[in-house]
Amino acid sequence: MVNTLKILVIDLNTDRGEEIVAALSQDDTVTVVLRRGAGGLVRDLEEIAPDLVLIDMEHPNRDTIDALTVATAPLDRPVAMFVDRSGKALMQAAVAAGVSAYVVDGLRAERVRPVLDMAIARFHEVDRLRKELRATQTALSERKTIDRAKGLLMSARGLSEEEAYALLRKTAMDKGKRVSDVAEALISAAELLQ
Amino acid sequence: MIGADVSLGFIPLTDAALPIIALEMGFAAEEGVALTLVRETSWSTIRDKIALGVYPAAHMLAPLAIAMSAGVGPMRAGLVAPMLLGTNGDTLTARPDFADRLVEHGARFGDAMATGRALVKCADPGGLRVGVPFPHSMHQELVRLLVERSGGDVSKVTFLTAPPKVLPEVLKAGEVDVFMVGEPWGSVAVERGAGEILLSGADIWTASPEKVLALQADWAMAHPDTMDALVRALYRASMWLTVSGNLGVAAEILALPHYLDASPMTIERALLGRLQLRHSGATVDAPDVIRLSGLGALYPWQSAAAFIAERAAPAWGISPIRAQAAALETFRPDLMHRALGPLHVSVPMAHARIEGRTELGVSVPGTSGPVRVGRSGFFDRSEFHPQT
């Protein structure tokens, strides 16, 4: 009989936390609890008595967890960060992804590794999606800026839409700037002149 | 000049000013350092990232740097601190109803002995509950000093760790009676009506080495020129802050959303040596509440490090000798001397002093004439003699 591994996941990002829980729960030797961790952390740690805690490094309460586990005098259940020699590369990967892990002393690396590997992958995935979303939003707002600048040029100088865009693009090329930057400068200037 | 890249982790606090000013006012660039600042939300993240080599430099609690060098905690790493990033900077804040009781029992701003005795008298039988941002900190050390030397029992004090921005909520929820935190977060709690400032940390010890420039020792030894340039850039930022007309600009810069994300007026008040103690109350003088400007605020006295080590060794579970050795390996006035050499400024000749001997005055002999360093005095008039 394999001992059950109790994992506490603390993540403000509920979607990501739930995905991690879903992935970990496929292993029936693992029980997982998810907390957003805004309050009641002391009680959670006592009641759940996890073997392994996964926490978002950006979590505002990380120092509270850290103080309860490793930073101060040892508790009844010694908890360490997963940074023995074999774990350093893995820990670096975890830190780069933005997740940190606290493990009960003596928990074997073979048990921790797959859990941490999975968490790292989820964190990277969420990060990638967030970056994609930001890129899309930036593109959208640039598009709106350029449209406004085109409109200004069309009414001020009686240009067609194509001519207005061509003028913006030529100016950008001449000045070594991006079209959206030129458009933004034009809008600011127009507002000042109103 | 070719820029050497340096990334530095910091926590949003007023005493992150030197790296921020060094970057924003161009001192880092002038010294040939391409500085990147990385904002973090927790000290444990700074600890982990400097230990794992994510960045070589950080704004760090002085006791944390010594603890890491001593191998205390989960992340051990040899660190050196060629300078402080500031002296003092903490305030002790109480829930308004508790503050009223303390005042009835004699608590008075600026008088740590009277306030300490009131705290001891008014604490619940279960003991005083104190919020601090991190265990290895001057915050915790100053509270222990205050209680112990006001006749209280430190073993009865319960410390609860919570991030600075969260502490006012923890106070409001009644989970702690008081909290000690770096500016501007005590003043922010006052503005929200969540707390009243009882004391500034400087009322307990006038020369508390609050934060250091922590560098990975291996990195520092491999890149001496870059380290020296960084120290010079930070020193020049501190000299810029000696001009009182610059403090408003400094507060505006620190207030930016990607730095402290707080009100510039709140930040500026402490920079000007003033504090508002209670909501819609008057401001009072607190000249030493935070010292960021000039060499005296930045010199890493080995005696101050030794004091921290002696006090913390039992809690760290290591021998006083090992703690002392780590303190002296970490606080490195010799590195500050070397770095500032080209600037021809006078730097204290001594690496240690008797902490608490205020009559030694504000000036000490320096490499080229007397240096103003400011007094080191404890509220109970005790002295700490470092072993040499």
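Protein sequence lines correspond, in order, to chains A and B. Positions 24 to 217 (our numbering) are the ones given, in order, by the first sequence. Positions 775 to 1162 (our numbering) are the ones given, in order, by the second sequence. Using N, Cα and C, we set each Cβ at its ideal position, and we do this for glycine too.
For Y1009 (chain B), the secondary structure class from DSSP, reduced to helix, strand or coil, is helix.
The continuous stretches of beta strand (DSSP E) do not include D67 (chain A), which lies in the alpha helix (DSSP H) extending over residues L64 to I71. C-alpha of L64 (chain A) to C-alpha of E943 (chain B): approximately 15 Å in a straight line.
Look at the region 150–164 of chain A: it has no residue with a C-beta under 8 Å from a C-beta of chain B. Using a Cβ-Cβ cut-off of 8 Å, T87 (chain A) counts as an interface residue toward chain B, since at least one Cβ of chain B sits closer than that to its own. Put simply, the CB of N36 (chain A) is far from chain B, with every gap to its CB atoms at 8 Å or more.
Considered as a whole, the region 864–925 of chain B harbours 870–878, 886–896 and 912–922 as its complete alpha helix (DSSP H) runs of no fewer than 4 residues, in chain order. The Cβ-Cβ distance between L858 (chain B) and V986 (chain B) falls below 8 Å. In this structure, B:V807 is the residue among B:L973, B:V807 and B:G969 with its C-alpha nearest to the C-alpha of H997 (chain B). When the beta-carbon positions are compared, L1046 (chain B) and L1021 (chain B) come within less than 8 Å of each other. Listed in chain order, the positions of the region 60–83 of chain A with a beta carbon within less than 7 Å of a beta carbon of chain B are M80, E81 and P83. Around the beta carbon of M1123 (chain B), fewer than 16 other beta carbons sit within 10 angstroms, so the residue counts as exposed. Nearest to L893 (chain B) by C-alpha distance, out of B:H910, B:N862 and B:V928, is B:V928. Ranked by Cα distance from A841 (chain B), the first of B:E805, B:L792, B:A791 and B:I1082 is B:I1082. By the rule that beta-carbons nearer than 8 Å mark a contact, W959 (chain B) does not touch chain A. Under the 8 Å Cβ criterion, the region 814–831 of chain B does not count as touching the region 194–204 of chain A, having fewer than three qualifying pairs. In the three-state scheme derived from DSSP, where H, G and I count as helix and E and B as strand, V931 (chain B) is classed as coil. Three or more beta-carbon pairs separated by less than 8 Å are not found between the region 1082–1101 of chain B and the region 1143–1153 of chain B, which leaves the two stretches without contact.
Apart from the 5 residues on each side of it in sequence, V950 (chain B) sits with its Cβ closer than 7 Å to the Cβ of R903, V904, G905, L934 and V944 in its chain, given in chain order. For P937 (chain B), the nearest beta carbon of chain A is closer than 8 Å to its own beta carbon. Judged by DSSP in its simplified three-state form, T52 (chain A) adopts coil rather than helix or strand.
Taking CB atoms only, A142 (chain A) has no neighbour in chain B less than 8 Å away.
At least one beta carbon of chain B lies nearer than 8 Å to the beta carbon of A90 (chain A).
If the five residues before and after R1006 (chain B) are omitted, its C-beta is found closer than 7 Å to the C-beta atoms of E805, A1113, L1114 and L1117, all from its own chain and listed in chain order. With fewer than 16 other CB atoms across the displayed protein chains lying within 10 angstroms of its CB, M995 (chain B) is exposed. Residue contact with chain B for V122 (chain A): absent (no Cβ-Cβ distance below 8 Å to any residue of chain B).
In this structure, DSSP gives V964 (chain B) a helical state, which the three-state scheme calls helix. In the displayed model, P1139 (chain B) falls within coil according to three-state DSSP, outside both helix and strand. Only exposed fits P1031 (chain B), as fewer than 16 other CB atoms lie within 10 angstroms of its CB.
Taken through DSSP and simplified to helix, strand or coil, L215 (chain A) comes out as helix. Neighbourhood of Q115 (chain A) in chain B, by CB distance below 7 Å: L826, in chain order.
Under the Cβ criterion of 8 Å, V118 (chain A) is counted among the residues facing chain B. Residues of chain A whose Cβ lies closer than 8 Å to the Cβ of S843 (chain B) do not exist; the shortest such Cβ separation is about 15 Å. Per DSSP, the beta-bridge partners of Q990 (chain B) are B:L853.
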